[in-house]
Amino acid sequence: MEKTIRQVKAKKSFPVAKLVTYIALVLYTLILFVPFLVIFCTSFMSDYEIGASEFHLFPYEWSAEGYELIFTLDPNAVNGVPSLLIGFFNTMWQTLVPTVVSLFVSALVAFVYSKFRFPGRKIFFLANVFTMMLPLGAFGFVGYLFYVNIGWVGGARGLLPIIIPGLFGSAGTIFFLRTYYDSALSNEVVEAAKIDGAGTVRLFFSIALPLGKPAILAQFLFAFVGGYNSYSAQLMYLYNDKSLWNLQLALSELTGMLSEGNGYNNAKCAAAFISMLPLILLYIGMQKYFIEGINIGGGKE
Amino acid sequence: MELTKTAALPEEEDARSGRTRIPKNQFFTKQNVICWIIVSIPLLAFLVFNGFTIVFSIMAMFGEMEYNQLDTLKWNNFANFIRIGEDIGTIWQSIKVTLVMVLAQFTSLTIAIIMAAFLSQSVKGTRLFQTLYFIPYVCSSVAVSIMWTVIFGWNGALNSLLGTTIDWLNNMENPSTLTWAIFISVIWQAPGYGIVMYCSAFKSINPALYEAADLDGANAFQKFWYITIPGISTITFFLVLAGITAGLTTFDAARIMAPMSWDGYAGPENAGLALMYYIYIEGVQFGNMGYASILSWLLFIVMMIPSVYLIRKRILSLEDL
């Protein structure tokens, strides 16, 4: 069906339309990638070259000075370990622990909503949707008041508000996975397993978890990106303990200090570039799942 | 979509809507209790971690504390509210900056529709372009802001391109260039998600509609206006709301691109003082949580307006779940 229309269209349309499309696509690609190119090239210039000459895109002489500087000149290094390295390590565990646990809880809750009939199910789910829609982002910084008063701020205790609230599932993920289970997991399979006497939790592990894999993976990827790029929570709760900084906080503090001297643009660019690189590589490797993840969600909205 | 689901599972629908009264001895079955416990986990956590924040912030609005400790809270005759009047210039400035950030989200959405429309043309390589367009979205706003800081710097790429020598982020003659620099960094980064969403939305529009329009002699614009736009309205609705939320809570980019300057908290004349940034400065940096709470509540109330609409719509659409 679709093919026939495409053929009709292709016959009708002038090559001009195709040309315009390509020009637009390439132009937008340039808009997106020239800034990357600028910081990539600047990161390979020496500080002397940047200071002594006008702006130019490609370095006269390629130099790794910027990359050396971010590891040797780092004022936030702890015991000689550069803050970006510590930050990367901290980002990994501060992201993975809550993401994995929370996804687990969310999937279990979504499965229960989707495949079990229990009294009050609808009210519970409405409450879930309600929590999802409340714009609590506005209270992001006021949350500090709560955590200060229960003693969860200061030193390593600052990790608690970052890790603990994120362990109990997220309303949005539950909504998303429930919609997925409703359509992708047939009730007959679950009913048959129920008759065989499998309990709720066992059903979850044997059926829901394996069959929900594509949607769970998509949610994992987006949660991971969110965690990797998280900044304001760490800035609020972990600012005083450099050994707990995550990558974004380490990056912002490092470049903030470098800008004070009005130089070291090469180091700033190098720091920004290597901080972005891991996620860009992850995305390129897994782009199919990223795009699919949006499509699963998009179709249902 | 709802129709096909109902049609596929008729007996399921009966079980759902047939609200037969459950005998008491079947109410507290083991399975029901397990289900209640499981679905309560996220709701209870939500209550604990957000409920107290909301209550504490209301208390903090009406008093002052030492080191944000609530046990030192003292009634201060609405001093926090009176300060709003004295501080109205700064608040007004931060509202203006925040509105520019919302505008940036709307602009991103427009870019997303246009680029998705190009990507939906039947030309080769659209898949590759779509992949490329999503890359800025996975980059952190911190790193992206640093990137733009370098580009907008006085010896940066932009000045070289325009042949000017303006310090765009610290422009004494026209401080608002900082606001628009943040705007640009947002619209560079934000469209990726919308592009992918719109691409899938365009694909889900029934091709027979276009076929019929072709037979009726509709031109490309008419087809776009009368078929495509209505076909993507649900996703647009969702993206507009997400955009408003994201725009109103812009923080990372403002904090990186607008550090404290000699005549403002956030860049020259507070040109980068998004409302969230102001809340952070007042509440976390200066320890005035009472005042920060008032600003947060203002922001929350503004954000509730679209949310209430969305909640109503969602709950209505959930009737069949």
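Residue numbers (our numbering), protein chains in the order written: chain P, -8 to 292; chain W, 606 to 926. Backbone N, C-alpha and C fix where the C-beta goes; we use that ideal spot for every residue, glycine too. Note that the structure is predicted; figures quoted are calculated from it, not measured.
Beta-ladder partner(s) of residue i, from DSSP
i: G668(W); result: W680(W)
i: V69(P); result: V72(P)
i: I674(W); result: Looking at the sequence provided, one finds Gln at residue 674(W) rather than Ile. In DSSP, Q674(W) forms a bridge with E671(W).
Residue i versus residue j: straight-line alpha-carbon distance, rounded
i: I789(W); j: F27(P); result: 14 Å
i: G758(W); j: V791(W); result: 17 Å
i: Q726(W); j: A817(W); result: 18 Å
i: L10(P); j: N764(W); result: 32 Å
i: I837(W); j: G768(W); result: 42 Å
i: S105(P); j: T191(P); result: 12 Å
i: S901(W); j: I693(W); result: 15 Å
i: I659(W); j: S250(P); result: 38 Å
i: V707(W); j: I700(W); result: 10 Å
i: A224(P); j: Y138(P); result: 12 Å
i: V685(W); j: A214(P); result: The question names Val, but residue 685(W) in the sequence shown is Asn. Cα-Cα distance, rounded: 37 Å.
i: N775(W); j: T782(W); result: 8 Å
i: S745(W); j: T677(W); result: 39 Å
i: S174(P); j: P205(P); result: 13 Å
i: A8(P); j: A101(P); result: 46 Å
i: D38(P); j: E56(P); result: 8 Å
i: R148(P); j: S221(P); result: 18 Å
i: T695(W); j: E874(W); result: 9 Å
i: Q85(P); j: L245(P); result: 20 Å
i: P201(P); j: V91(P); result: 15 Å
i: F905(W); j: G690(W); result: 19 Å
i: S898(W); j: W680(W); result: 15 Å
i: Y230(P); j: V653(W); result: 25 Å
i: T611(W); j: V96(P); result: The predicted position of T611(W) is uncertain, since its pLDDT is 39 and thus under 50; no value can be drawn from it.
i: E617(W); j: I154(P); result: Low confidence applies to E617(W): its pLDDT is 42, below 50, so where it sits in the model is not reliable, and the reading given next is rough at best. Distance between the alpha carbons of E617(W) and I154(P): 39 Å.
i: Y831(W); j: G111(P); result: 42 Å
i: L64(P); j: Y803(W); result: 45 Å
i: Q827(W); j: D821(W); result: 11 Å
i: G872(W); j: M881(W); result: 15 Å
i: K635(W); j: A717(W); result: 50 Å
i: R193(P); j: I639(W); result: 12 Å
8 Å contact criterion, which residue i and residue j should meet: CB distance rounded
i: V133(P); j: S662(W); result: 5 Å
i: A241(P); j: G131(P); result: No, A241(P) and G131(P) are not in contact; Cβ-Cβ is about 21 Å, not under 8 Å.
i: M752(W); j: I265(P); result: No, M752(W) and I265(P) are not in contact; Cβ-Cβ is about 12 Å, not under 8 Å.
i: A863(W); j: L878(W); result: 7 Å
i: N673(W); j: G892(W); result: 6 Å
i: F723(W); j: L99(P); result: No, F723(W) and L99(P) are not in contact; Cβ-Cβ is about 42 Å, not under 8 Å.
i: Q239(P); j: V747(W); result: 4 Å
i: P911(W); j: I810(W); result: About 25 Å separates the two Cβ atoms, so there is no contact after all.
i: Y135(P); j: G869(W); result: Going by Cβ atoms, the distance from Y135(P) to G869(W) rounds to 23 Å, so no, they are not a contact pair.
i: I61(P); j: A262(P); result: 5 Å
Nearest to residue i (by Cα), restricted to the options the options
i: F109(P); options: E671(W), L915(W), R688(W), W641(W); result: W641(W)
i: Y914(W); options: G203(P), C260(P), L125(P); result: L125(P)
i: L94(P); options: I165(P), G142(P), C32(P), A147(P); result: I165(P)
i: P812(W); options: M802(W), A847(W), N824(W), T833(W); result: T833(W)
i: I719(W); options: T839(W), V801(W), I920(W); result: V801(W)
i: L23(P); options: I849(W), I740(W), F654(W), Q631(W); result: I740(W)
i: T731(W); options: F654(W), S922(W), G848(W), S805(W); result: S805(W)
i: R169(P); options: F829(W), V644(W), F632(W), I639(W); result: V644(W)
i: N119(P); options: T855(W), Q827(W), L820(W), A650(W); result: A650(W)
i: F842(W); options: L714(W), Y870(W), E669(W); result: L714(W)
i: A721(W); options: N237(P), R112(P), Y19(P); result: Y19(P)
i: S234(P); options: L212(P), Y13(P), L76(P); result: L76(P)
i: T754(W); options: I884(W), F711(W), L921(W), W785(W); result: W785(W)
i: Y896(W); options: Y831(W), A665(W), L880(W); result: A665(W)
i: V845(W); options: L652(W), F829(W), A709(W); result: A709(W)
i: F159(P); options: M83(P), P50(P), V88(P), I41(P); result: V88(P)
i: W793(W); options: V25(P), Y255(P), N178(P), Y274(P); result: V25(P)
i: G128(P); options: Y831(W), F856(W), N682(W), W830(W); result: F856(W)
i: L733(W); options: I287(P), N81(P), I282(P); result: I282(P)
i: D903(W); options: F711(W), W697(W), G822(W), L675(W); result: The sequence given here places Leu at residue 903(W); Asp does not occur at that position. Of the candidates F711(W), W697(W), G822(W), L675(W), the one whose C-alpha sits nearest the C-alpha of L903(W) is W697(W).
i: S54(P); options: L60(P), F62(P), N70(P), F35(P); result: F35(P)
i: Q735(W); options: D772(W), N760(W), G799(W); result: G799(W)
i: N655(W); options: I287(P), S74(P), M123(P); result: M123(P)
Distance cut-off 8 Å: residue i Cβ against heavy atoms of the ligand COA
i: Y230(P); result: The ligand COA is absent from the structure shown, which contains no ligands of any kind.
Where are the alpha helix (DSSP H) runs, 4 residues long or more, that stay fully inside the region 127 to 163 of chain P, in chain order?
134 to 140, 150 to 154
Any alpha helix (DSSP H) of 4 or more consecutive residues that is wholly inside the region 816 to 889 of chain W
The region 816 to 889 of chain W contains these whole alpha helix (DSSP H) runs: 825 to 828, 838 to 853, 857 to 862, 880 to 885.
Restricting to runs no shorter than 4 residues, where is the alpha helix (DSSP H) found entirely within the region 157 to 208 of chain P?
162 to 175, 178 to 186, 191 to 194
Please go through the region 748 to 791 of chain W and give each complete alpha helix (DSSP H) segment of 4 or more residues, from N-terminal end onward.
762 to 767
At 4 residues or longer, and completely inside the region 25 to 105 of chain P: list those alpha helix (DSSP H) runs for me, N to C.
38 to 43, 56 to 63
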